[in-house]
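Novice:
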Amino acid sequence: MMRFIGNIIWVLFGGLIGAILWSLAGVILCITIIGIPFGLQCFKIAGFVLWPFGREIILGNFGAGGLIFNIIWLLVFGWEFALTHLTIGLAFCITIIGIPFGLQHFKLAMLGLIPFGAQIRPIVS
């Protein structure tokens, strides 16, 4: 129940806007053939941004192609996404009420660095 409430608050206070912006980045990247793999990762991240509570990110398992794409992603725009989410997460963690939301932004920062090969799974409790 708390995850559901956290997700509702998240969506109302920026999660929907964040998901729309990540989706827009995905559409822009998918316009070119070269950008399609990167656009698909933006769509994966947008889905996580929309409903992050109760899900975890498992990094790795990306192979040689994923490694190359992760390096390109990191050099071109991944570090900017990660830095943005890290900064927002730190701002949320200033207050006790904001800590759960800050932790979600830290997960997004991690995903923003290495999206290829990352899996998003429900947390089993």
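Residues in the sequence shown are numbered from 16 upward in steps of one, following this note's numbering. Don't be surprised by glycine CBs; every beta carbon is placed ideally from N, CA and C. No experiment lies behind these values; they were computed from the predicted model shown.
1) Take the Cβ of Phe28 as the centre, count every other Cβ of all protein chains shown within 10 Å, and call the residue buried at 16 or more, exposed below.
2) Where does the unbroken beta strand (DSSP E) through Pro137 begin, and where does it stop?
3) So for Ile46, helix, strand or coil by DSSP?
4) Suppose contacts are defined by Cβ-Cβ distances below 8 angstroms. Is Trp94 in contact with Val64 by that definition?
5) Quick one: what's got a C-beta closer than 6 angstroms to Gly33's C-beta in the same chain, skipping five residues either side?
6) Exposed or buried, Asn85, counting other C-beta atoms within 10 Å across all chains shown (16 or more means buried)?
7) How should Leu98 be labelled, buried or exposed, when 16 other C-beta atoms within 10 angstroms of its C-beta is the threshold for buried?
8) Which residues does DSSP list as the beta-bridge partners of Ile103?
9) Can you list, in chain order, the residues of its chain with a C-beta nearer than 6 angstroms to that of Ala40? Leave out the 5 residues immediately preceding and following it.
10) State the DSSP-derived secondary structure class of Ile60, mapped to helix, strand or coil.
11) If you check the beta carbons only, do Lys59 and Ile138 fall under 8 angstroms apart?
12) Just reading off the beta strand (DSSP E) that Ile72 is part of, what are its end residues?
Specialist: From the atom records:
1) exposed
2) Counting along the chain, the unbroken beta strand (DSSP E) around Pro137 starts and ends at 134–137.
3) coil
4) no
5) Excluding sequence neighbours, Gly33 sits near Val64.
6) buried
7) exposed
8) Answer is none; Ile103 lacks a bridge partner.
9) Cys57
10) helix
11) no
12) 70–73
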